[in-house]
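> Got a structure here, written out as structure tokens. Questions coming.
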Amino acid sequence: MKFSNVEFVVNSSSESPTFKTHDTIDGEILFTPQQETNIGDITITFKGTMRVEVENMNTHLALPFSSLRKPFLSMDMPINDYFGDINTLKPGKSYRLPFKFIIPEELPIHACRHQCANHQIQHEHLQLPASLSYRATQSHKVHDMSPEMAEVVYSINFALWERNGKAGRSKIQEATHLVQILPTRDEHPPILIPARNKYYRLRAEKSLSTGVLRHSRGKLVACSAQPPAIQLQSFQPTNTDASTSLKIDLRFDAAHLDKLPPSVFAAEFQLRAMTFFGLEAWQDYPDLTDVSAWGSRRDFWSDYVALTPIDDLKLEWKSQDEGDRTIFTASIETCVSLPTHRRYPPTFHSCFVSRVYALKATLFYRVHGNALGRSSISVSVPVEICPA
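Residues 1 to 388 (the UniProt record's numbering) are what the sequence shown spells out, left to right.
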């Protein structure tokens with residue numbers, strides 16, 4: 001069978017456009033049928049689909065991954081009215097089939113049918129998830145730090161059907177055009193971090209010592225908190241507007257009155273993207289305290305991108321005597337921006353896939369009197385990415 005010629009034309013000023021909530025995706029499909037085609041046998045649909053694969057861990061044999069393909073959004077475009085009294089399309093003749101879809105604010109209620117821990121979880125699951133696509137981003141040479149095993153894909157689908165009498169009809173041809181969706185998401189209040197959480201570390205401390213006998217100089221403590229959300233205009237930031245301000249508070253408890261605080265001279269930052277996915281729907285937010293308790297039907301993927309470091313950090317300590325020791329305090333507040341060689345799907349939690357982010361800051365210091373050696377202390381805080 002010869003396939004009909006199908007070509008998508010999406011109206012946009014960009015080669016790789018990003019569509020947000022309430023945006024209109026319009027254009028046309030150039031269709032040249034190879035045989036006489038009834039207009040009723042053509043469908044044009046805007047679809048959202050999740051694909052998840054999880055490795056089989058219950059056997060020592062090398063088995064294929066268990067997979068799930070879940071459609072969560074489907075919007076049909078009626079085309080009958082466009083052709084008026086014409087019911088059939090002639091073979092060899094080119095036709096322009098228009099389409100127009102408006103990105104909805106939420107998914108229909110039946111998109112989340114499973115039991116949820118509370119109303120807030122179901123509300124999260126009914127928000128449009130952001131495009132998350134390993135294969136799609138590979139073609140654009142700009143990776144969104146997602147695994148090959150989890151995708152959230154939006155597409156405009158053209159389908160040609162064939163009638164089979166009483167059996168109904170079957171699909172004989174399909175063509176797909178992928179689109180990137182950046183849904184609206186409001187910034188949420190800071191989340192509570194369990195003490196056993198291994199991905200976020202809001203407080204870190206180090207015991208400082210010098211010399212062969214490791215004489216104690218005191219204790220260094222670094223603390224931070226969840227910063228304001230990073231606001232995105234598109235998947236790929238084109239300037240430094242995609243940034244946030246991070247504050248780190250330092251405290252040095254000197255072991256004795258004559259001990260001076262360390263010299264903090266540099267800082268490095270990284271944004272870690274964490275993707276949680278599974279074959280079973282999440283009833284609550286992914287539990288980050290014990291990933292091993294998830295079972296064999298859920299998995300986790302982590303990737304990171306380095307942010308601009310601070311190579312010449314100047315820190316001013318303030319001191320206060322407390323009895324036989326001195327307490328030193330200082331703060332660092334800096335702007336961290338997203339680099340442009342990655343895509344950044346906004347934070348989201350859907351039934352089968354979640355994407356969250358962590359911002360890690362590592363401070364480098366030297367103990368007073370040790371000019372050559374250097375040590376480090378790190379904190380890692382949650383950070384949201386939200387469309388502007």
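Cβ coordinates follow ideal geometry from the N, Cα and C atoms, glycine included.
Nothing here was measured: the structure is a model prediction, and the numbers come from that model.
1) Around the C-beta of Phe83, are 16 or more other C-beta atoms found within 10 angstroms, so that it is buried, or is it exposed?
2) In three-state terms, what does DSSP make of Trp301?
3) Looking only at its own chain, which residues have a Cβ that is under 6 Å from the Cβ of Asn5, when we skip the five neighbours before and after it?
4) For the structure I just gave you, are there three or more beta carbon pairs, one from the stretch 320 to 336 and one from the stretch 245 to 258, closer than 8 Å?
5) Lys314 bridges to which residues according to DSSP?
6) With a CB to CB cut of under 7 Å and the five nearest residues on each side skipped, what residues in its chain are close to Asp284?
7) Run the CB neighbour count on Gly168, radius 10 Å, all protein chains shown included, and call it buried at 16 or more, exposed below.
8) State the Cα-Cα distance for the pair Pro98 and Ile25, rounded to the nearest angstrom.
9) Decide if Gln320 is buried, meaning its Cβ has at least 16 other Cβ atoms within 10 Å, or exposed.
10) Sorted by chain position, which residues of the same chain lie with C-beta nearer than 6 Å to Cys351's C-beta, five sequence neighbours on each side aside?
11) Would Phe364 and Phe252 be called neighbours here (beta carbons separated by less than 8 Å)?
12) I'd like to check one pair, Ala388 with Gln270: are the Cβ atoms closer than 8 Å?
13) Give me the Cα-Cα distance between Arg374 and Arg366, rounded to the nearest whole angstrom.
14) What is the rounded straight-line gap between the Cα of His341 and the Cα of Ser376?
15) By how many angstroms is the C-alpha of Ser16 removed from the C-alpha of His22?
16) Confirm, please, whether the CB-CB distance from Ala358 to Ser378 is below 8 Å.
17) Going by Cα to Cα distance, which pick from Pro346, Glu322, Asp299 and Leu315 is closest to Met149?
18) If you count every other CB in all the chains shown that lies within 10 Å of the CB of His110, and 16 or more means buried, which is it?
19) Does the count of Cβ pairs from the stretch 201 to 220 and the stretch 179 to 191 closer than 8 Å reach three?
20) Over the uninterrupted alpha helix (DSSP H) stretch that includes Ile109, give me the two end residues.
21) Under the assumption that Asn197 contacts Thr176 (Cβ atoms under 8 Å), give the Cβ distance between them as a whole number of angstroms.
22) Got a sec, what are the start and stop residues for the alpha helix (DSSP H) Gln231 sits in?
23) Can you tell which of Ala242, Val52, Thr37 and Phe265 has the C-alpha that lies nearest to the C-alpha of Lys93?
24) Using the DSSP secondary-structure output, state which residues sit across from His349 in a beta bridge.
25) Provide the residue(s) that pair with Lys247 in DSSP beta bridges, ordered along the chain.
Concretely, from the data shown:
1) exposed
2) strand
3) Thr32
4) yes
5) Lys314 is not bridged to any residue.
6) Ala117 and Ile121
7) exposed
8) 11 Å
9) exposed
10) Cys112, His125 and Ala281
11) no
12) no
13) 5 Å
14) 27 Å
15) 18 Å
16) no
17) Asp299
18) exposed
19) no
20) Looking at the DSSP string, Ile109 is not in any alpha helix (DSSP H), and its letter there is neither H nor E.
21) The pair is not a contact, with the Cβ atoms about 39 Å apart (cut-off 8 Å).
22) Here Gln231 belongs to no alpha helix (DSSP H); instead the beta strand (DSSP E) covers Ile230 to Leu232.
23) Thr37
24) Ser354
25) Glu333
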